[in-house]
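The sequence shown begins at 581 in my numbering and counts up one residue at a time.
Cβ coordinates follow ideal geometry from the N, Cα and C atoms, glycine included.
Keep in mind the model is a prediction, meaning the values are calculated, not measured.
Working notes, beginning with the structure itself.
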Amino acid sequence: MMFRKIFLLSILIFSFSYAVDEIDIEKRRQEQ
């Protein structure tokens with residue numbers, strides 16, 4: 581059960597950081 585929570589949490593963090601990267605790329609594209 582504990583392993584499953586850690587697994588879900590890591591997926592959540594990964595998807596969140598990926599979304600932040602996407603937003604950052606969009607901002608840079610608009611600045612240029």
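For Met582, the three-state secondary structure derived from DSSP is helix. A direct Cα-to-Cα measurement between Ser590 and Met582 gives close to 12 Å. Within the model, the alpha-carbon separation for Val600 versus Lys607 is close to 11 Å.
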